[in-house]
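The structure appears below as structure tokens.
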Amino acid sequence: MSYVDGFVLAVPKAKLDDYKTFATAAGAIWKEYGALAYVECVGDDVPYGEITSFPRAVQAKADEVVIFAWVAYESRQSRDAVMAKVMADQRLQADWLTMPFDGKRMIFGGFETFIEL
Numbered sequence: 078m079s080y081v082d083g084f085v086l087a088v089p090k091a092k093l094d095d096y097k098t099f100a101t102a103a104g105a106i107w108k109e110y111g112a113l114a115y116v117e118c119v120g121d122d123v124p125y126g127e128i129t130s131f132p133r134a135v136q137a138k139a140d141e142v143v144i145f146a147w148v149a150y151e152s153r154q155s156r157d158a159v160m161a162k163v164m165a166d167q168r169l170q171a172d173w174l175t176m177p178f179d180g181k182r183m184i185f186g187g188f189e190t191f192i193e194l
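Letter by letter, the sequence shown follows residues 78 to 194 of the numbering used here.
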């Protein structure tokens, strides 16, 4: 079974193009090092729930959109190897590559696949 890293974050609408540039560059690096898939999705139908919701989870403001993203790998072992290379890659430390979102409000985690159809 495969392994997946999942992410949810809020991006200011005014910085969505900057985020797309950032994510495209980052995704290319993940894929270069062995990720099977790198997917970024912008919220289209994500209502603010009374108790829980994607916007509530990342404290999205009225001028922000919710991003839901994931990276797929062959296994946890593969993910750990890819992640080590990605985190050491100097291209992600470049001055031009600024994160156009508040990283403190990003939710992320690794997930072992247990059903894959």
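No residue lacks a Cβ here, since even glycine has one placed at the ideal position from N, Cα and C.
Cβ-based burial, residue i [other Cβ within 10 Å; buried from 16]
i: Arg168; result: exposed
i: Val116; result: exposed
i: Tyr125; result: exposed
i: Asp140; result: exposed
i: Ala114; result: exposed
i: Asp157; result: exposed
i: Asp82; result: buried
i: Ile128; result: exposed
i: Ala100; result: buried
i: Ala103; result: buried
i: Ala161; result: exposed
i: Ala91; result: exposed
i: Ala146; result: buried
i: Ala137; result: buried
Supposed close pair residue i, residue j - CB separation, criterion 8 Å
i: Val159; j: Tyr110; result: 5 Å
i: Ala87; j: Phe178; result: 6 Å
i: Val119; j: Ser130; result: Rounded, the Cβ-Cβ distance is 16 Å, inconsistent with contact.
i: Val135; j: Ile184; result: 6 Å
Residue range of the unbroken alpha helix (DSSP H) whose run includes residue i
i: Val163; result: Arg153 to Ala165
i: Ala87; result: Segment Tyr80 to Pro89 is the beta strand (DSSP E) holding Ala87; no alpha helix (DSSP H) there.
i: Pro132; result: Phe131 to Ala134
Boundaries of the beta strand (DSSP E) in which residue i is found, first to last residue
i: Ile184; result: Ile184 to Glu189
i: Phe145; result: Glu141 to Tyr150
### Query
Where in the stretch 85-123 do unbroken runs of the beta strand (DSSP E), each at least 3 residues long, occur, reported from the N-terminal end onward?
114-119
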